[in-house]
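> To start, I am sharing the structure in question, which I have written as structure tokens.
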Amino acid sequence: MHLLPSLAALFALATSVTALTSSLKQVTAFKSGPTAAGMYIYVPTTKKALAPIIVAIHHCQGTGSGYFGETKYAQYADTYGYIVIYPNSPSSGGCWDVSSKASLTHNGGGDSQTIVNMVSYAVSNYGGDASKVYVTGSSSGAMMTNVLAGAYPEVFQAASVYSGVPDGCFYVPSATAGMATPAWNSQCANGKTVQSAETWGNLVRSYYPGYTGSRPKMLIWHGTVDTTLYYQNLAESLKEWSNVLGVTFSRNVTNSPQSSYTQIVYGDGTKLVGYSAVGVGHTVPVHETNDLAWFCISQACAGSSTTSVSGITTSKTETSSSSKVDTTSPVSSSTAAPGGCLASRYGQCGGTGWTGCSSCESGTTCTFSNDWYSQCS
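Take a look at the structure:
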């Protein structure tokens, strides 16, 4: 079974996105808290009797209803019969609290717990399937996605993170739940919080002490020219989740899922995959079809002997979710392409497994970003 759906399947998926069968609804009856985050929901008329749930979380200066319009999760819900929850931040600027101990900790009383309570509400009142819950988000929503994956691993089966930071990276000691404007951590945002994989992994595990169950599989996206949440946060996020999930770097796949994107595969590709988007700033565009494949919604992968991850066919290998493997960074092994070709500005020029151009066009130099990626800039 292929990770990335065939071209014919992708075409069919794309052409299936038409007018919605239902409408977005604000769930005014949801009052579970503990914070004042609001709940919006899309329930298609084609909903399965026991429907998967996708939680789609907006960015700063965004809203739940806005993210509904910016993404195509609702349109695809009509095709696949799942429910979409769009949380709405209670803060004045629309950012999520990913800085307070309350929100970072399991049942700590922050925004993260409120979102988890929305999932419970959807299971009880809309026929959601508690065994098939997935989360995704952009920017601040991406940061919250990581927080939810870390603090509530028993709730979510998979996550897709668009331009975020590692779980716990944005922590600010003075931050409290319910702040009008959630605290900002400039050191983390600027990519200056660099730690070992084990340090990151221990941080995630500390947010739910004693938990030994399964952990959600992670899809991490980041642009190389992001100047809001800097590109180094991709490397740190991959270190973090590789340790938590007990997998190590295996290979890169260039131009996947599209030109100028590099897929970074860990282990057999069933638990952790990163995407480095060359020349893309803040944020990486949402790739709904890839997310639906990763969530095992658009193609079957849960419980099978093989699991799909965009563009790769791999056999599933079970590893201990509580493993504390100190994953080291891949060793750089750039290989120059024949003919002395030149990579263009913002193009890749080196990194683990790279076989393309290793020299840059006039006016740019090949700049090391990390062990698996160098860029002409």
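With mature numbering (1 follows the signal peptide of the UniProt record, and there is no 0) applied, the sequence shown corresponds to residues -19 to -1, 1 to 358, in that order.
Glycine residues also receive a C-beta, built at the ideal position from the N, C-alpha and C atoms.
Taking all protein chains shown into account, decide if K12 is buried (16 or more other Cβ within 10 angstroms of its Cβ) or exposed.
Exposed is the call here.
> Can you list, in chain order, the residues of its chain with a C-beta nearer than 7 Å to that of residue 370? Leave out the 5 residues immediately preceding and following it.
Residue 370 falls outside the range modelled here, since the chain spans only -19 to 358, and no answer is possible.
> Which whole-angstrom value is the C-beta distance of V142 and S93, which I expect to be below 8 Å?
The pair is not a contact, with the Cβ atoms about 14 Å apart (cut-off 8 Å).
> Give the DSSP-derived three-state secondary structure of L226 in the structure shown.
Here L226 sits in helix by DSSP.
> Closest by CA to T162, which one among W77, G331, W275 and A281?
The candidate whose alpha carbon is nearest that of T162 is W77.
> Have a look at S340 and M20 and give me their C-alpha separation to the nearest angstrom.
Going by the C-alpha atoms only, they are around 50 Å apart.
> Between the segment 93 to 112 and the segment 168 to 187, do at least 3 Cβ pairs fall closer than 8 Å?
No, the segment 93 to 112 does not touch the segment 168 to 187.
> With 16 as the cutoff for other CB atoms within 10 Å, does P311 come out buried or exposed?
At P311, the pLDDT of 36 sits below 50, so the modelled position is not reliable and the matter cannot be decided from this model.
> Which residue marks the beginning of the beta strand (DSSP E) containing D110, and which one marks its end?
D110 -> beta strand (DSSP E) spans G109 to S119.
> Considering only residues of the same chain and omitting the five flanking positions on each side of D59, which have a CB-CB separation below 7 Å?
Within the same chain, D59 has close Cβ partners L1, T2, P25 and T27.
> Do A18 and N69 have their beta-carbon atoms positioned less than 9 Å apart in this structure?
In this structure, A18 lies closer than 9 Å to N69 by Cβ.
> Is the distance from the Cβ of K173 to the Cβ of L253 below 9 Å?
No, these two residues do not count as a Cβ contact at 9 Å.
> Check V234 in the structure and name its three-state DSSP category.
It is a strand residue.
> Over what stretch of residues does the beta strand (DSSP E) that includes T243 continue unbroken?
Residues Y242 to Y247.
> Could you tell me whether the Cβ atoms of G131 and N214 are closer together than 9 Å?
Not in contact: G131 and N214 (Cβ atoms no closer than 9 Å).
> If you reduce the DSSP assignment to three classes, tell me which class K220 lands in.
K220: helix per DSSP, three-state reduction.
> Given that a residue counts as buried once 16 or more other Cβ atoms are within 10 Å of its Cβ, and exposed if not, what is G344?
Exposed: under 16 other Cβ atoms inside 10 Å.
> Can you check which of these residues, G262, S231 and P266, is closest to P238 by C-alpha distance?
Nearest C-alpha to P238: P266.
> Just verifying my parser: in three-state terms, what is the DSSP assignment at I64?
Reduced to three states, the DSSP call for I64 is strand.
> Using 10 angstroms around the beta-carbon of C282, count the other beta-carbons present and answer buried if the total reaches 16, otherwise exposed.
With 16 or more other Cβ atoms within 10 Å, it is buried.
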